[in-house]
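The next block holds one structure in the form of structure tokens; read it before the comments.
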Amino acid sequence: MSADSNPSNAAAPVPTDFIRDIVAQDVAAARFPKIVTRFPPEPNGYLHLGHAKSICLNFGIARENNGRCNLRFDDTNPAKEEVEYVESIQTDVRWLIDGWADHCLGFKAPGAAPAAGTVNGLPDFHAAAAPAGTAGAEPFYASDYFPQLYEYALTLIRKGHAYVCDLSPAETEEYRGSPDKPGRNSPFRDRSVAENLDLFTRMRAGEFPDGKRTLRAKIDMTSPNIWLRDPLLYRIRHIAHHHTGDAWCIYPLYDYAHCLSDYLEGVTHSICTVEFEVHRPLYDWILEHLDLPRPRPHQYEFAKLNLSYMIFSKRRLIQLVQENFVQGWDDPRLPTIAGARRRGIPARALRNFAYHVGVTKFDGLTDIAAFEHTLREELNGISHRRLAVLRPIKIVLTNIAEGEVLTCDATNNPQDENPTTRPLALTREVFIESEDFAEVPPPKYFRLKPGGEVRLKYACIIKCDEVVKDAAGQVTELRCTADLTTRAGGPNVDRKVKGTIHWVSATQSLDAEVRLYDRLFTVAEPGAEEDFKKFINPHSLEVVTAKVESSLATATPAERYQFERTGYFTVDSKDSAPGKLVFNRTISLKDTWAKK
Ligand code: ATP
Ligand code: MG
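For the sequence shown, position 435 matches number 654 in the working numbering, and the numbering has no gaps at all.
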């Protein structure tokens, strides 16, 4: 993709899909003063690449329409939620939208007081577009709306649209029926408004134990849509909440809290994944039966992202972390955003990928190769070229004196409009990749072999004169002559040999730990079976001590490097330190799985 068609660039063409078409129609009809979307994660795990797609869609629409996108924690189930997740989600979202859509991020006004004015006819609770890191800028929490949601519940009861039910969870399940079997009315369905108000107030006051009573919407127990069979709105849970503490012992359910949170924030387009399509009638029912003034939010559904060789289920990701199959949520092998960042995947590559996979209604499996292609394309443009030898074998250039240093110019990035260079030291002893030498070469082997010639990139042609071995027959070094007339500026610079290999000086280089990551699973759909852990790739991480050129001493995690002929690498943000370099392989240069 050329720079111009890059969706991350300001002047880029706007992507199109069925949701954006709907938004465009609403904009054309001036249906809303402002387009407002939201990204509503439940803080019960780390975000993954599937969430990245949703973030790119919601923030993308806000960005393209001069609108706003709220980060809202859908935190209605305190049993599974934690502050660690709240914090990681904020970090990940900000990282993904930084410099692209951060100006659309809606924040709660300090103190949660309405800011001046309204948004889409509602009091504006936003401090509009506070820059990331602004003091007092708070994301939204569904739990901040608990008092308002409680008031709405009282309204539904007063209007005869909700009742307190004493059926146990098992009985409730039994009464609900199944898709092909209508449900039965609860014996508590016809309680008087007064009794319902009394019981619900007492539920809230903490008079009843967990599971004793629920608040249910009074809709239709025979509806073909099971979600309309008197769905639960509130349940009793005597449990502390990470955001509201002990203030509540009744908690609203997702379907009840979500539409109303959208409404309270002035959300116009509430975008979720297709499994919620069947919940949409309930979303609308609640808003309608509260007689909320327009504009009301509307729900739209798109297909989840599913990538081959990956697992996106939070429940399963938690197992991988807790059972130590990986080293934490930011393990570079995980499909988490934190893992991707640590692995060196640029936020822009994720955004470009979200753009390329597009938005549809149809569930499918996206080939990981498509993601890797986008990633390589992005890295190719931005990476500094460097020389590094992962599995070194020593070469002695017998015609270069000990202590002599010949300087070669190496190109930093040939993709740049005006590529710059850096000096590389060519010395008597250098390292090459052990796989670039074969004592008994296979046919058409163009790298180094006894008596053969090869070019050391940016330096000169060398010839292998002698193979030195130890008592066990292991090759310890190769004695070669350098044809210095083939160096840049030399008379024979144009002399051709078939192979060019990378190398580093043995005396002017550094040791670095290099972590070679591969796919975490060996099969395309590891999630297809419950026992997914049996598909874990035993070779998903290999650690080598590499020799890298000295200029990498100042490498930082903010930069991307291409180790020539090897792959794309980044400095590990956690374990690397001055004097102890650690690199992560983001991805190899070529798709090594395509051959398998
Ligand atoms: P769970 O509900 O099981 O905890 P979840 O993946 O749905 O998991 P949420 O925190 O509810 O997690 O997700 C936040 C938002 O991200 C939702 O709007 C959801 O639809 C969207 N989302 C989740 N997974 C994907 C995916 N694979 N592709 C695209 N969007 C996704
Ligand atoms: Mg969810």
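For every residue, glycine included, the Cβ atom is placed at its ideal position computed from N, Cα and C. Model, not experiment: these values are computed from the prediction.
Those residues which DSSP pairs with residue i across a bridge
{"i": "Ala796", "result": "Lys799"}
{"i": "Lys766", "result": "Val608 and Asp730"}
{"i": "Asp417", "result": "Beta-bridge pairing links Asp417 to no other residue."}
{"i": "Cys683", "result": "Cys699"}
{"i": "Val615", "result": "Glu648 and Arg698"}
{"i": "Asp582", "result": "Answer is none; Asp582 lacks a bridge partner."}
{"i": "Pro471", "result": "Tyr453"}
{"i": "Leu675", "result": "Ile720"}
{"i": "Ser818", "result": "In the structure displayed, the chain extends from 220 to 815; residue 818 sits before or after that span and is not available."}
{"i": "Arg435", "result": "Tyr382 and Leu451"}
{"i": "Phe740", "result": "Ile755"}
Ligand 3 heavy atom lying under 7 Å from the CB of residue i
{"i": "Phe572", "result": "Among the ligands in the structure shown, ligand 3 does not appear; only ligand 1 and ligand 2 can be found there."}
DSSP state of residue i mapped onto helix, strand, coil
{"i": "Phe237", "result": "helix"}
{"i": "Thr695", "result": "strand"}
{"i": "Trp722", "result": "strand"}
{"i": "Asp655", "result": "helix"}
{"i": "Ala829", "result": "Because the chain in this structure spans residues 220 to 815, residue 829 falls outside the shown range and cannot be described."}
{"i": "Gln781", "result": "strand"}
{"i": "Arg257", "result": "strand"}
{"i": "Gly379", "result": "coil"}
{"i": "Thr640", "result": "strand"}
{"i": "Ser807", "result": "strand"}
{"i": "Ala354", "result": "For Ala354, the pLDDT reaches just 47, beneath the cut-off of 50, and the residue's location in the model is therefore unreliable, although a value from the coordinates is still provided. Three-state DSSP puts Ala354 in coil, outside helix and strand."}
{"i": "Glu484", "result": "coil"}
{"i": "Ser273", "result": "helix"}
Residue from the options with nearest C-alpha to residue i
{"i": "Glu306", "options": "Leu524, Gly318, Arg291 and Ala389", "result": "Arg291"}
{"i": "Thr492", "options": "Asp702, Leu375, Phe581 and Ala707", "result": "Phe581"}
{"i": "Asp294", "options": "His460, Thr256 and Tyr382", "result": "His460"}
{"i": "Leu524", "options": "Tyr475, Pro260, Asp586 and Ile469", "result": "Asp586"}
{"i": "Pro633", "options": "His603, Val624, Glu648 and Thr617", "result": "His603"}
{"i": "Leu501", "options": "Ala777, Leu472 and Asp245", "result": "Leu472"}
{"i": "Arg784", "options": "Ile720, Lys766, Pro401 and Thr374", "result": "Ile720"}
{"i": "Asp439", "options": "Lys431, Arg448 and Arg432", "result": "Arg448"}
{"i": "Ser405", "options": "Glu749, Ser397 and Asp385", "result": "Asp385"}
{"i": "Thr256", "options": "Gly264, Pro262 and Arg239", "result": "Arg239"}
{"i": "Glu636", "options": "Ile601, Glu648 and Asn284", "result": "Ile601"}
{"i": "Gly396", "options": "Tyr369, Pro443 and Leu368", "result": "Pro443"}
{"i": "Gly325", "options": "Val383, Trp722 and Asp481", "result": "Asp481"}
{"i": "Thr789", "options": "Glu507, Ala607 and Thr310", "result": "Ala607"}
{"i": "Glu596", "options": "Lys668, Ala678, Thr773 and Ile564", "result": "Ile564"}
{"i": "Val624", "options": "Ala644, Thr463 and Leu616", "result": "Ala644"}
{"i": "Ile308", "options": "Glu621, Pro262, Phe751 and Arg610", "result": "Pro262"}
{"i": "Val383", "options": "Phe427, Tyr360, Ala772 and Asp474", "result": "Phe427"}
{"i": "Phe258", "options": "Val742, Glu300, Arg423 and Phe359", "result": "Phe359"}
{"i": "Asp794", "options": "Ile806, Ala298, Leu506 and Asp549", "result": "Asp549"}
{"i": "Lys327", "options": "Pro297, Lys299 and Asn289", "result": "Asn289"}
{"i": "Arg421", "options": "Ile445, Leu373, Val302 and Asp409", "result": "Leu373"}
{"i": "Cys468", "options": "Ile455, Tyr475, His462 and Asp474", "result": "Ile455"}
{"i": "Ala620", "options": "Ala701, Phe407 and Arg435", "result": "Ala701"}
Same chain, Cβ closer than 7 Å to residue i, neighbours up to 5 away in sequence not counted
{"i": "Gly547", "result": "Val540"}
{"i": "Phe572", "result": "Phe590 and Thr593"}
{"i": "Tyr736", "result": "Pro551, Arg552, Arg562, Ser759, Leu760, Asn803 and Arg804"}
{"i": "Val712", "result": "Thr705 and Arg706"}
Close-in-space but distant-in-sequence residues of the same chain around residue i (CB under 6 Å, 5 per side omitted)
{"i": "Leu598", "result": "Arg779 and Tyr787"}
{"i": "Ala230", "result": "Residue confidence for Ala230 is low, a pLDDT of 49 falling below 50, so the modelled location carries little weight; the figure read from the coordinates is stated next. None."}
{"i": "Pro642", "result": "Thr626"}
{"i": "Leu483", "result": "Tyr364"}
{"i": "Val723", "result": "Leu606, Val608, Phe650, Lys766 and Glu768"}
{"i": "Ile280", "result": "Val242 and Thr256"}
Residue i versus residue j: straight-line alpha-carbon distance, rounded
{"i": "Phe531", "j": "Leu268", "result": "8 Å"}
{"i": "Pro710", "j": "Glu654", "result": "30 Å"}
{"i": "Glu542", "j": "Leu739", "result": "15 Å"}
{"i": "Thr630", "j": "Asp730", "result": "22 Å"}
{"i": "Cys478", "j": "Thr640", "result": "57 Å"}
{"i": "Pro661", "j": "Arg647", "result": "29 Å"}
{"i": "Ala725", "j": "Val233", "result": "51 Å"}
{"i": "Asn277", "j": "Gly318", "result": "16 Å"}
{"i": "Glu390", "j": "Leu418", "result": "19 Å"}
{"i": "Gly402", "j": "Pro450", "result": "12 Å"}
{"i": "Glu414", "j": "Phe754", "result": "56 Å"}
{"i": "Asp684", "j": "Ala690", "result": "20 Å"}
{"i": "Arg674", "j": "Lys299", "result": "59 Å"}
Test: residue i CB closer than 8 Å to a CB of chain D
{"i": "Leu616", "result": "Included in the structure is just one protein chain, with no chain D present."}
Cβ-based neighbour list, residue i, same chain, cut-off 8 Å, excluding 5 preceding and 5 following
{"i": "Lys688", "result": "Val694 and Thr695"}
{"i": "Arg583", "result": "A quick correction: the sequence has Gly, not Arg, at residue 583. Same-chain partners within the cutoff: Ala522 and Asn525."}
{"i": "Glu744", "result": "Ser527 and Leu584"}
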